[in-house]
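Order-wise, the sequence lines are chains Y and F.
The first sequence begins at 1 in my numbering and counts up by one.
The second sequence begins at 1001 in my numbering and counts up by one.
Just so it is clear, CB atoms sit at the ideal spot from N, CA and C, and this is done for glycine as well.
Here the structure is a predicted model, which is why all the values come from computation and not from measurement.
Notes to accompany the following structure.
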Amino acid sequence: MIDTLSEQARSQNIAVLFLYCDYELRKDQSAVNMIGTLLKQVVLRGVGTVGEIKDSFDRSGGQPLRLQEMLGLFVKTINSCKRVYICVDAMDELLPPHRSEFSWSMRQIILEAPNTRLFLTGRPYIRVELDKHLTNGAYTIHIVPDQGDIRRYLSRKMDEDDDQDPDLMTENLKDDIVP
Amino acid sequence: MNTFPGGNGGSSLNSDPFQYGQLHTRADNNTINNVHGSSNTNFANVSNYHNNTFNVGTSQESSKIQAWLSPLEPHLRHQDVGNKRLDGVGDWVLQRDEFESWRKGQDSSVNPTLLCYGDQGAGKTYIRYGGIFRAAIDDTNKEINQFISDRHPIRASS
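Shown next as structure tokens:
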């Protein structure tokens, strides 16, 4: 869905970029690598001023960029976009030093690139830390399990439950479980 | 303006208060090959417009540039989440005032960030898929709005 949307968005010069924080990748998910991954998506989706990336690559001689250089390149690249949505999922899964560096980096981006909108998710215990670096004054929504969501989830699981005897899961039984 | 604790106070993008070591480069070429070689429709599209719009010479060169940017591959998990997601899950978030304010916010003095926080299993990851960006883009793009109406429900899986 998102790739298809991004293809449509590209023609309007709107960039939609995603980062998935993952505990299994925690060592590699440093701030500089995360911003680099955003730029990679800019390249793949063909939005922004991608020529900047090529120029920077040529100048670097293949040496990895430092965080400040990566941030500067990102801001220059997305400058021509009408709007840039950056979605970061599960920020609690970053290592704490990486998370504070990354939060600081996101702060720099929203200050330097006013066309940016950030959408973040994370567990409650990182709120204080995020507020300190990034989300002070931000909009917040507390996510709690929603009854409708649970109902949809259970219904699908029951529909898929063919492991035993498919005839056992009758409509009546389904109604008993999810009235 | 926030400064990063432990840095030397530099907050401009032109300064360079941090020293960074070499990137932890994993087997990035393999990952890129997977993306480009996938038979999945979405990934094929990505490859196509990558070739059309990123005119930096050979595809080998653009692979090098991508590996240089980051060893991380952003697409794999989002495909997984997209496949597992149920239509309608998390859509209630779209009705919240905070979401509307974030989506419509034109005031550059307001923090342009929306934080959704919740405990493990509450559905944060799937809520993000519940149309957050669909709705956000709708607001600025009638064509996409129409596209979504025509194609709903749109799924990452074929």
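- Shown in chain order are the members of the segment 135-149 of chain Y whose Cβ falls below 9 Å from a Cβ of chain F: T135, N136, G137, A138, Y139, T140, I141, H142, I143, V144, P145, D146, G148, D149.
- Put simply, the CB of F57 of chain Y is near chain F, with a gap under 8 Å to one of its CB atoms.
- R123 of chain Y belongs to the set of residues whose beta carbon lies under 8 Å from a beta carbon in chain F.
- Between the alpha carbons of K82 of chain Y and C21 of chain Y lies a gap of roughly 26 Å.
- Counting the other CB atoms within 10 Å of its CB gives K40 of chain Y a total of 16 or more, which places it among the buried residues.
- Among the residues facing chain Y, Q1066 of chain F is included, as its CB has a counterpart in that chain under 8 Å away.
- For the pair D89 of chain Y and F18 of chain Y, the Cα-to-Cα distance works out to about 8 Å.
- With its beta carbon less than 8 Å from one in chain Y, S1062 of chain F belongs to the interface.
- Measuring C-alpha to C-alpha distances from S105 of chain Y to each of Y:V43, Y:R45, Y:R66 identifies Y:R66 as the nearest.
- Taking the beta carbon of T49 of chain Y as reference, no residue of chain F falls within 8 Å; the closest one sits roughly 11 Å away.
- Of all C-beta pairs linking the segment 91-107 of chain Y to the segment 24-35 of chain Y, three or more are shorter than 8 Å, placing the two stretches in contact.
- In this structure, T1113 of chain F lies near L120 of chain Y, with their beta-carbon atoms less than 8 Å apart.
- Rounded to whole angstroms, the gap between the alpha carbons of K174 of chain Y and Q147 of chain Y is 16 Å.
- Put simply, the CB of S1059 of chain F is far from chain Y, with every gap to its CB atoms at 8 Å or more.
- For the pair T49 of chain Y and T77 of chain Y, the CB atoms are nearer than the 8 Å cut-off.
- A direct Cα-Cα distance of roughly 20 Å separates G62 of chain Y from V75 of chain Y.
- Under the DSSP assignment, D55 of chain Y falls in the alpha helix (DSSP H) whose first and last residues are 51-60.
- In the DSSP assignment, V88 of chain Y falls within the beta strand (DSSP E) that extends over 83-89.
- Counting C-beta atoms within 10 angstroms of its own C-beta, M70 of chain Y has 16 or more neighbours from the protein chains shown and is therefore classed as buried.
- Put simply, the CB of L154 of chain Y is far from chain F, with every gap to its CB atoms at 8 Å or more.
- In the structure shown, the three-state DSSP call for A1067 of chain F is helix.
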